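Residue numbers (my numbering): 14 to 103.
Glycine residues also receive a C-beta, built at the ideal position from the N, C-alpha and C atoms.
Treat the numbers as computed from the prediction; the structure is a model and nothing was measured.
Written out below as structure tokens is the structure these notes cover.
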């Protein structure tokens, strides 16, 4: 699976003079990819997955004087379904 989001978040009204600036902590770009594999045969019930998430640059304040750098997150999962055990555990 994969996903991508592009936003252009802006402050539309403000009494502080920052109308038109980017919304703080709302990244312009996000992307993700995920894969999952289920084993068969002797390893039936076991599955392994992993993915990456990219969160793009955003602003750290409403005045847009501080920026938050983009970053990348990695996720991994290892699962085992006990219902796949034969004979089943009680």
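Inter-residue spacing [alpha-carbon to alpha-carbon] between residue i and residue j
| i | j | result |
| --- | --- | --- |
| residue 31 | residue 71 | 16 Å |
| residue 69 | residue 41 | 6 Å |
| residue 85 | residue 44 | 10 Å |
| residue 95 | residue 56 | 12 Å |
| residue 83 | residue 25 | 24 Å |
| residue 2 | residue 47 | Residue numbering for the chain in the displayed model covers 14 to 103; residue 2 lies beyond these limits and cannot be assessed. |
| residue 33 | residue 78 | 14 Å |
| residue 63 | residue 87 | 7 Å |
| residue 15 | residue 65 | 10 Å |
Buried versus exposed, by CB contacts within 10 Å (16 or more), residue i
| i | result |
| --- | --- |
| residue 73 | exposed |
| residue 35 | buried |
Bounding residues of the beta strand (DSSP E) (the contiguous stretch that carries residue i)
| i | result |
| --- | --- |
| residue 66 | 59–68 |
| residue 91 | 84–93 |
| residue 41 | Element bounds for residue 41: n/a, residue is neither H nor E. |
| residue 16 | 15–19 |
Residue from the options with nearest C-alpha to residue i
| i | options | result |
| --- | --- | --- |
| residue 28 | 75, 89 and 87 | 75 |
| residue 80 | 38, 87, 92 and 33 | 38 |
| residue 58 | 77, 78, 91 and 65 | 91 |
| residue 89 | 61, 14 and 23 | 61 |
Inspect the CB distances between the region 18–26 and the region 47–59 and report whether three or more fall short of 8 Å. Counting Cβ pairs under 8 Å, fewer than three are found: no touch.
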